[in-house]
Every structure is written in structure tokens, then in C-alpha cells.
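Be aware that the sequence shown starts at 145, since it is given in my numbering, and climbs by one per residue.
What follows is a single structure, written as C-alpha cells, with notes after it.
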Amino acid sequence: MTVPRVPFTQVPLSTVPLPPLDTSIPPWPGREVEVGGHRLHLRETPGPGPDAPTAVYVHGLGGSATNWTDLAAQLANTVNGVAVDLPGFGRSEPLPDYDFTLDSHAEVVIALVTALGVGPVHLFGNSLGGAVAMKVAASRPDLVRTVTLVSPAVPDLRPSLNRMSDPRVPLAMLPIVGASVRRQLAAMGPRERAEQMLRLCFAEPTRVPEHRIEEAAREYSERGTQPWAGPALGRSTLGLVRAWLVPRSRSLWTIAPQITMPALVVWGTQDRLVSVRKAPRTAQLLPRGRLLVLARTGHCAQIERPVSVARAVLGMWEAVGGHAW
């Protein structure tokens with residue numbers, strides 16, 4: 145007898161007390177580890193102790209481990225947190241022959257979780273990191289306890305200038321005017337770049353605290369000193385688009401039904417980068433997936449709505465513990 149599936153939009157929200165949301169906390173302390181030949185930079189959030197489960201957080205395109213600061217704090221009463229800078233992002237310098245494909249990023253995450261020796265873990269991914277998390281969960285279910293996908297970068301090929309941080313980018317590719325536009329883009333300061341990214345990724349960028357904008361500007365300034373940062377972003381973008389164009393047998397839409405562990409999909413109604421119209425299909429294809437759609441939220445719900453995301457995640461974990469997911 146087939147057990148009817150719980151409606152995929154029924155997401156229980158936990159009512160347990162959460163730590164007070166303190167957006168003034170700095171990024172969690174970082175350290176470097178050697179994993180599979182890579183030197184990865186991790187940021188770790190202290191949790192209940194060594195016997196508690198571990199959450200592993202994977203950032204999106206152009207992001208870093210600092211994207212998980214607030215959500216990791218909200219979940220720190222329940223899990224130990226490890227946020228990774230993928231090769232070429234944050235403070236993880238890529239190997240010279242690294243190819244920045246989704247498969248390679250997934251292999252790095254698999255190597256990290258294996259090296260941590262704390263699996264299976266609760267795996268989180270946002271945007272590019274969400275696509276990476278899908279690949280990890282499908283290929284190595286033994287390493288993943290639950291998976292939370294925040295606006296995962298599933299195939300979305302619609303052309304739109306609204307998906308660009310700067311509408312001048314297409315002009316930079318043109319003959320004659322392109323050189324001038326490229327000089328203008330290169331001359332932008334870290335603060336301006338940070339504000340552009342906030343406008344692209346957040347539904348309500350004016351609510352971002354000033355010190356968080358300054359943190360983002362410092363990250364952009366640091367990237368300016370890293371010769372690998374620009375190529376890593378460009379090649380990861382190309383790798384993602386190529387992953388959207390692969391044959392159906394290797395598509396993320398085909399991989400999703402292979403993800404058998406409990407899965408939570410979170411999307412913002414005002415996501416400009418990956419349309420919220422992709423959300424129902426994503427959640428429905430996951431055998432144990434459910435969907436939470438957040439109003440007045442953009443592409444990075446874990447940053448913009450950390451309390452709401454935390455309550456949904458904890459609700460999933462509680463339901464799983466009670467065999468009700």
C-alpha cells in the first residue's frame with residue numbers, strides 16, 4: 145500500500161526558543177584545512193558540543209562562508225556549524241588545474257564532509273551551493289542526513305537584465321564601446337560593488353545594517369587582491385550554465401528524484417536570479433521534499449530572513465525525529 149505524500153507546501157515551523165537575532169556579530173572564526181589536495185578556508189560556529197550533529201553550509205556564486213553567519217547562529221543550540229569557501233571564493237585559493245564545474249565543487253564538498261568525520265551531516269546550499277548540495281546528496285546519501293536548498297541554481301535560462309548586478313555588463317562585450325564600459329566597471333570601488341550585489345540579491349536592501357554593508361565591502365576589497373577571484377567567478381558561472389545545458393539524463397531535474405533524504409526547499413518571492421516559478425517543481429521532484437516560500441525575500445533567504453529559515457529547518461528536523469516528514 146502506498147502511503148500518501150504529505151502536501152509539499154506543509155512545512156512545520158518550530159516553536160523552540162531561538163537565540164536572539166544579533167546582526168552585529170562578526171563572521172565566525174576561520175581556519176584552513178587540507179582536503180583532497182585543496183587548502184580550504186572554513187568558518188566554524190560553536191554548537192552544543194562534539195556529540196551534536198554538524199551542519200555544513202555551501203555558499204552561492206560570488207559568495208563565501210560569511211553568507212551563513214546569522215543562520216548558523218540561529219541553529220547553534222542544535223548543531224555545530226561548518227561553512228566552507230569553495231575553491232576560488234572567499235579565502236580558498238584554487239589549485240592551478242581546478243575546473244570550477246558543479247561536479248568538481250561537489251567532489252570538494254564530499255571530500256570535506258568525509259574528512260570532517262562527523263557525518264552524516266545536515267547539508268545546506270544557497271544558489272550555486274544549492275546545485276552543488278543536490279549533486280552531493282544524490283551521489284553520497286551516506287554523508288547527508290537532511291538537505292536544505294535556499295534558491296538552488298536549478299536550470300533557469302530566461303534572458304533578463306534584471307538578473308545582472310550592473311545593466312552595463314552586456315555593453316562590455318560589444319566592440320568599440322566595450323572597452324570604455326569595461327574601464328568603468330573596473331573603476332568601481334568595493335562599497336559600490338557591495339551595494340550593487342545587495343540590490344540584486346535582497347528584496348529589501350535598505351534593511352541591511354550598515355556594518356553588514358561594510359563587511360561586504362571589505363570582502364570585495366580583499367577579492368581585489370586575489371588574482372584568482374575574477375577567473376573563479378567567471379569560470380564557475382560558465383560551469384553552472386553548462387550544467388543547465390547538459391543532456392536530460394544528467395540534468396539537475398533528473399538528479400532531484402535521486403535525493404532520498406528529507407529535504408527542505410526555501411525560496412523568496414522576489415528572487416531575481418532564479419525565478420520562484422522553479423520552486424514548486426524543485427520541491428515536488430524531491431521524494432521527501434517540502435517547500436517554504438517567503439514573501440518580501442530575494443535570492444539569499446538565509447541572510448535576509450534567518451529566523452524564518454531557522455524555524456523551518458528546525459521544524460523539519462523535529463518532524464524527521466518524530467517520523468512525520
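Where is the CB? At the ideal position from N, CA and C, for every residue including glycine.
Only a predicted model underlies this, so the values are computations on that prediction, with no experimental measurement involved.
When beta bridges are read from the DSSP output, G206 appears opposite no residue. With a threshold of 16 other beta carbon atoms within 10 Å, T404 falls short and is exposed. In the DSSP annotation of this structure, V257 is not part of any beta strand (DSSP E); the continuous alpha helix (DSSP H) holding it starts and ends at L246 to L260.
Contact between the region 250-265 and the region 416-431 is absent, with fewer than three C-beta pairs closer than 8 Å. A347 is not a Cβ neighbour of T290, given a cutoff of 9 Å.
Between R434 and T153 the beta-carbon gap is near 7 Å, inside 8 Å, which marks them as a contact.
In the three-state DSSP reduction, Y201 falls in the strand class (E or B).
Nearest Cα to W461 within the set G206, S168, E251 and H266: H266.
Per DSSP, reduced to three states, the secondary structure at A439 is coil, with no helix or strand assignment. V410 is positioned such that its CB atom lies closer than 9 Å to that of V437. Boundaries of the alpha helix (DSSP H) harbouring V457: P450 to G465, taken from the DSSP string. In the structure shown, the three-state DSSP call for L239 is coil. A direct Cα-Cα distance of roughly 32 Å separates P264 from E359. By the beta-carbon neighbour count (other beta carbons within 10 angstroms, threshold 16), V457 is buried.
Residue environment analysis places T350 among the exposed positions, since fewer than 16 neighbouring C-beta atoms fall within 10 angstroms of its C-beta. Beta bridge pairing from DSSP links G225 with T189 and A199. Less than 9 Å separates the beta-carbon of T210 from that of R187. Distance from the CA of H467 to the CA of L396, rounded to the nearest whole angstrom, comes to 27 Å. For a cut-off of 8 Å, the C-beta gap from Y201 to A220 is around 12 Å, too long to register as a contact.
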